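*Asks:* So that we are looking at the same thing, I have put the structure below in structure tokens.
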Amino acid sequence: MEVIDYLIRRHTMVMDLFWEHMYLIVVAVGIAIAVGVILGIVITYNRTLANGVLVVCQVLMTIPSIAMLGLLLPFFGIGFTTGMLALVLYSLLPIVRNTHSGIMEIDKAIIEAASGMGMNEWRKLIKIKVPLALPVIMAGIRTATVMVVGIGAIASYIGAGGLGQLIFNGISRTNPPMIITGAIFISIIAVGFDLILGWTERRLRVPGR
Amino acid sequence: MIRLEDLTKRFPGMERPAVNKLNMEVGKGEVCVLVGPSGCGKTTTMKMINRLCEPTEGKIYVDGQDTSRINPIKLRLDIGYVIQQIGLFPHMTINDNVATVPREKKWPSEKTKKRTEELLELVGLDPEEHGKRYPSGLSGGQQQRVGIARALAADPPIMLMDEPFAAVDRITRSRLQNEFLRLQKELNKTIIFVTHDIDEAIKMGDRIAVLRNGELIQYDEPGNILSAPAGDFVANLVGKNRSIKRLHLIRAQEILGEDHGGVSLDTPRETLKQKVEESVISTIMVVDEKGNLKGMVGAHALQERDGDRAEDIMEEVPDTVTDDATLNDALSVMLEIGEGYVPVVTADGKFRGTLTLNSLLDQVRSEKSAD
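Note that the protein sequences, when read in sequence, are chains A and B. If you read the first sequence in my numbering, its first letter stands for residue 1, the second for the next number, and so on. If you read the second sequence in my numbering, its first letter stands for residue 1, the second for the next number, and so on.
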């Protein structure tokens, strides 16, 4: 009940933080999609490069989020930019990896048929490879987004804004309703994205969409 | 039309070349079958023609033009390509699959649409029923038909076909082969056809190129490959039962007489009785006034069934073959239905005559004495 009280009293501030959080995630994932899909496509043409890039992305993702923020702080300072950068780095791996494997898993006969029909590399990419890899790419985007919602909360610690602030401030002020409000809203965002992106992914999988 | 000159392909790390100094020429409108065991270089040879694989040495000329000087994309747009795994694009409808090359060639959409419908009909699919479906909604045989329609879409003068009928069952395969030969008669394409199956080679080819370890062992007409195999390798490939293999070379229509020997629906019982007694197979076929095969009357039916006219006495025909089926196809059907005969009909259902086991044996005998 205290949570509802808190929400009614502070709903403007909570909504502002909600939108700030959404903004952080959407922009970070947006950048990660642009960079990740292109990178994922590029590395399908070179095995050595692919192994290198995938290992680097893997290492990036293994670094605990709080440590990653710590590593970036000296270079980019406190605030939104550092938080954003960390989120982009984290969402790269699932997107790059899924784009790469989505394309590599396409039946070789289909690619050969496309080449034999006289499609050049670019046409094969946009007509055959990317459309066929799309469900797998989408699954990567989904994983990245859901993960970044959580890490975005931690990014509040270094002043990137967002719902994480409610949790961190709530802890320092011993204000349980504030903590719970933050936690609930972050969870809603995560579950919401997961449902919407999961639905999109399934739509893309059905032949005859 | 297509000339290979000292064509050689070496793959890195391989001891001997995959294709070794191949010299051959394929005439316009000819079906040239490359046959040999796996690893003999037949697919590699084919892929060098549309430059999916670049020759290490040697030249390929298409219409007198050196293909290494033609842009590979442009070259491929004018060469139809059918592969064993079919390779239909699973995310596109049948219409879109067939329209691939016309779209790459930037045809106006009206023309592409018309052509797509025309092609689906040509390969025996209904544009209304199948056009908007996805490949996964079609049977293997239907998918392979779409694969052929797609390769024919921009009416290329040359077609490359890599084991195009290998992925379907035996019956569908023989039907697709016959349909394809019928099409080829109209279209008159220059075709390079790859197979490991010597029976298919004999049936499909105007000329057969036997390859082994990347080298051309024999290049000749199917009849000559059968009667004069060059060396043990070709003789083994062709096998011992060469006279039976000749049945692949002869089509039903070639040995049927003018008169199909059927009787009309209103033939009276007495006449039927007499005809059945005269018949070698003790059976007589019944046709309607349009010449369509309606049924048959045998000694058994005459005994068991009442009625005075052929129409009332006749039984259903167990199976038929079309007049462009090979004698081998006819033999398989006879064995399947367990009878010593099979009625032959035209593509539009008109009765052409009856093939009997004896007439096939006569063919084998006469071919044998001719050897």
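Just so it is clear, CB atoms sit at the ideal spot from N, CA and C, and this is done for glycine as well. Keep in mind the model is a prediction, meaning the values are calculated, not measured.
First and last residue of the beta strand (DSSP E) that includes leucine 265(B)?
*Replies:* Counting from one through the second sequence, the residue named residue 265(B) turns up at place 265. No beta strand (DSSP E) holds leucine 265(B); DSSP gives it neither H nor E.
*Asks:* For valine 35(B), name the three-state secondary structure that DSSP assigns.
*Replies:* Taking the second sequence and counting its residues from 1, the one referred to as residue 35(B) is at position 35. Three-state result, valine 35(B): strand.
*Asks:* Strictly below 9 Å CB to CB, what residues from chain A border asparagine 95(B)?
*Replies:* One-based indexing of the second sequence puts residue 95(B) at position 95. Residues of chain A passing the Cβ test: none, with the nearest at roughly 13 Å.
*Asks:* Compute the minimum distance between the beta carbon of glutamate 20(A) and the heavy atoms of the ligand ATP, and state whether it is under 6 Å.
*Replies:* Ligands displayed in this structure: none; no statement on the ligand ATP is therefore possible.
*Asks:* Straight-line CA distance for leucine 138(B) to proline 127(B)?
*Replies:* Taking the second sequence and counting its residues from 1, one reaches residue 138(B) at position 138. Taking the second sequence and counting its residues from 1, one reaches residue 127(B) at position 127. Using only the alpha carbons, I get a separation of about 13 Å.
*Asks:* Rank Asn169(A), Ala133(A), Leu87(A) by C-alpha distance to the C-alpha of arginine 202(A) and give the top, closest one.
*Replies:* If you number the first sequence from 1, residue 202(A) lands on position 202. Here the closest residue by C-alpha is Ala133(A).
*Asks:* Does any residue of chain B have a CB that is nearer than 7 Å to the CB of proline 177(A)?
*Replies:* Taking the first sequence and counting its residues from 1, one reaches residue 177(A) at position 177. Chain B contact via Cβ: absent.
*Asks:* Quick one: which chain B residues come within Cβ less than 9 Å of arginine 202(A)?
*Replies:* In the first sequence, counting from the first residue as 1, residue 202(A) sits at position 202. Listed along chain B is no residue with a C-beta nearer than 9 Å to that of arginine 202(A); the closest approach is about 15 Å.
*Asks:* At 4 residues or longer, what runs of the alpha helix (DSSP H) sit wholly inside the segment 40-118 of chain A?
*Replies:* 47-62, 65-76, 80-104, 108-116
*Asks:* Of all the residues that make up the segment 82-94 of chain B, which are near chain A by a beta-carbon distance shorter than 9 Å?
*Replies:* Val82, Ile83, Gln84, Gln85, Ile86, Gly87, Leu88, Phe89, Pro90, His91, Met92, Thr93
*Asks:* Which residues does DSSP pair with alanine 99(B) in a beta bridge?
*Replies:* As a position in the second sequence, residue 99(B) is number 99, starting the count at 1. Residue pairing from DSSP leaves alanine 99(B) without any beta-bridge partner.
*Asks:* Using the Cβ count rule (16 or more neighbours within 10 Å means buried), how would you classify glutamate 104(B)?
*Replies:* Locating residue 104(B) in the second sequence gives position 104, where the first residue counts as 1. Label assigned to glutamate 104(B): buried.
*Asks:* Do isoleucine 191(B) and valine 342(B) have their beta-carbon atoms positioned less than 7 Å apart in this structure?
*Replies:* If you number the second sequence from 1, residue 342(B) lands on position 342. If you number the second sequence from 1, residue 191(B) lands on position 191. In this structure, valine 342(B) sits away from isoleucine 191(B), with a CB-CB distance that is not shorter than 7 Å.
*Asks:* In the segment 301-369 of chain B, which residue ranges form an unbroken alpha helix (DSSP H) of at least 4 residues, counting only runs that do not cross its ends?
*Replies:* 310-313, 327-337
*Asks:* Taking the alpha-carbon positions, what's the valine 96(A) to valine 26(A) distance?
*Replies:* The residue you call residue 96(A) lines up with position 96 of the first sequence. The residue you call residue 26(A) lines up with position 26 of the first sequence. Looking at the two C-alpha atoms, the distance is approximately 17 Å.
*Asks:* Is there a C-beta anywhere in chain A that falls below 7 Å from the one on phenylalanine 16(B)?
*Replies:* Numbered from 1 along the second sequence, position 16 holds the residue referred to as residue 16(B). A small fix is needed here, since residue 16(B) is arginine in this sequence, not phenylalanine. Not one chain A Cβ lies under 7 Å of arginine 16(B).
*Asks:* From the DSSP secondary-structure annotation, give me the bridge partner or partners of glutamine 218(B).
*Replies:* On the second sequence, residue 218(B) is found 218 positions in, with the first residue counted as 1. Answer is Val210(B).
*Asks:* According to DSSP, is aspartate 194(A) helix, strand or coil?
*Replies:* Along the first sequence, one-based indexing puts residue 194(A) at 194. Helix at aspartate 194(A).
*Asks:* For valine 191(A), is the classification buried or exposed, using 16 other Cβ atoms within 10 angstroms of its Cβ as the cut-off for buried?
*Replies:* For the purposes of this step, residue 191(A) is taken as the residue at position 191 of the first sequence. Under this definition valine 191(A) is an exposed residue.
*Asks:* May I ask you to list, following chain order, the residues of the segment 103-129 of chain A that have a beta carbon less than 9 Å from some beta carbon of chain B?
*Replies:* Within the segment 103-129 of chain A, the residues whose Cβ lies closer than 9 Å to any Cβ of chain B are, in chain order, Asp107, Lys108, Ala109, Ile110, Ile111, Glu112, Ala113, Ala114, Ser115, Gly116, Met117, Gly118, Met119, Asn120, Arg123, Lys127, Ile128.
*Asks:* Based on DSSP bridge pairs, tell me the residues matched to asparagine 241(B).
*Replies:* The residue you call residue 241(B) lines up with position 241 of the second sequence. Paired residue(s): none; asparagine 241(B) is not in a bridge.
*Asks:* Please classify serine 65(A) as buried or exposed, where buried requires at least 16 other C-beta atoms within 10 Å of its C-beta.
*Replies:* Here residue 65(A) refers to the residue found at position 65 of the first sequence. Buried, because 16 or more other Cβ atoms sit within 10 Å of the Cβ of serine 65(A).
*Asks:* On the DSSP letters alone, give me the boundaries of the alpha helix (DSSP H) that threonine 172(B) sits inside.
*Replies:* As a position in the second sequence, residue 172(B) is number 172, starting the count at 1. Threonine 172(B) -> alpha helix (DSSP H) spans 170-187.
*Asks:* Helix, strand or coil for valine 276(B), going by three-state DSSP, please let me know.
*Replies:* Here the question's residue 276(B) lines up with position 276 in the second sequence. It is helical.
*Asks:* If you draw a straight line from the C-alpha of glutamine 143(B) to the C-alpha of leucine 160(B), how long is it?
*Replies:* To locate residue 143(B), count along the second sequence from 1; it is residue 143. To locate residue 160(B), count along the second sequence from 1; it is residue 160. Near 17 Å, if we compare the C-alpha coordinates of leucine 160(B) and glutamine 143(B).
*Asks:* Tell me which same chain residues have a C-beta within less than 7 Å of the C-beta of arginine 209(A), skipping the five on either side of it?
*Replies:* Here the question's residue 209(A) lines up with position 209 in the first sequence. The predicted model places arginine 209(A) with a pLDDT of 42, which falls under 50 and marks its position as unreliable; any figure quoted below should be read in that light. Only Arg203 meet the Cβ criterion.
*Asks:* By Cβ distance below 8 Å, which residues in the same chain neighbour methionine 119(A) in space, the five residues on each side in sequence not counted?
*Replies:* Position 119 of the first sequence holds residue 119(A). Hits under 8 Å: Lys127, Ile128.
*Asks:* At a CB-CB cut-off below 8 Å, which residues of chain A make contact with leucine 52(B)?
*Replies:* Translated into positions along the second sequence, residue 52(B) becomes position 52. The answer, in chain order, is Glu112, Ser115, Gly116.
*Asks:* On the criterion of 16 or more Cβ atoms from any shown chain inside 10 Å, does glutamate 200(B) qualify as buried, or is it exposed?
*Replies:* Position 200 of the second sequence, counting from 1, holds the residue named residue 200(B). Glutamate 200(B) is buried by the Cβ-count criterion.
*Asks:* Could you tell me whether the segment 23-42 of chain B touches the segment 66-83 of chain B, where touching means 3 or more Cβ pairs closer than 8 Å?
*Replies:* no
*Asks:* Can the beta-carbon of leucine 39(B) be found closer than 7 Å to that of valine 210(B)?
*Replies:* For this step, residue 39(B) is matched to residue 39 along the second sequence. For this step, residue 210(B) is matched to residue 210 along the second sequence. Residue identity check: residue 39(B) is glycine in the sequence provided, not leucine. Against a cut-off of 7 Å, the Cβ pair of valine 210(B) and glycine 39(B) comes out as no contact.
*Asks:* Run through chain A and tell me which residues come within less than 7 Å of threonine 100(B), C-beta to C-beta.
*Replies:* Position 100 of the second sequence holds residue 100(B). Simply Met117.
*Asks:* Just to confirm before moving on: does the CB-CB distance between glycine 162(A) and histidine 11(A) stay below 7 Å?
*Replies:* Here residue 162(A) is taken as the residue at index 162 of the first sequence, counted from 1. Here residue 11(A) is taken as the residue at index 11 of the first sequence, counted from 1. No, they are not a contact pair.
*Asks:* Check distances from the C-beta atoms of the segment 103-128 of chain B to those of chain A and list, in chain order, the residues that come in under 7 Å.
*Replies:* Glu104
*Asks:* Please work out which residues of its chain come closer than 8 Å, Cβ to Cβ, to arginine 212(B), disregarding the five sequence neighbours upstream and downstream, and give them in chain order.
*Replies:* Working through the second sequence from its first residue, we reach residue 212(B) at position 212. Here the set comprises Gly36, Pro37, Cys40, Phe233.
*Asks:* Does the pairing of the segment 129-137 of chain B with the segment 78-95 of chain B give three or more beta-carbon distances under 8 Å?
*Replies:* yes
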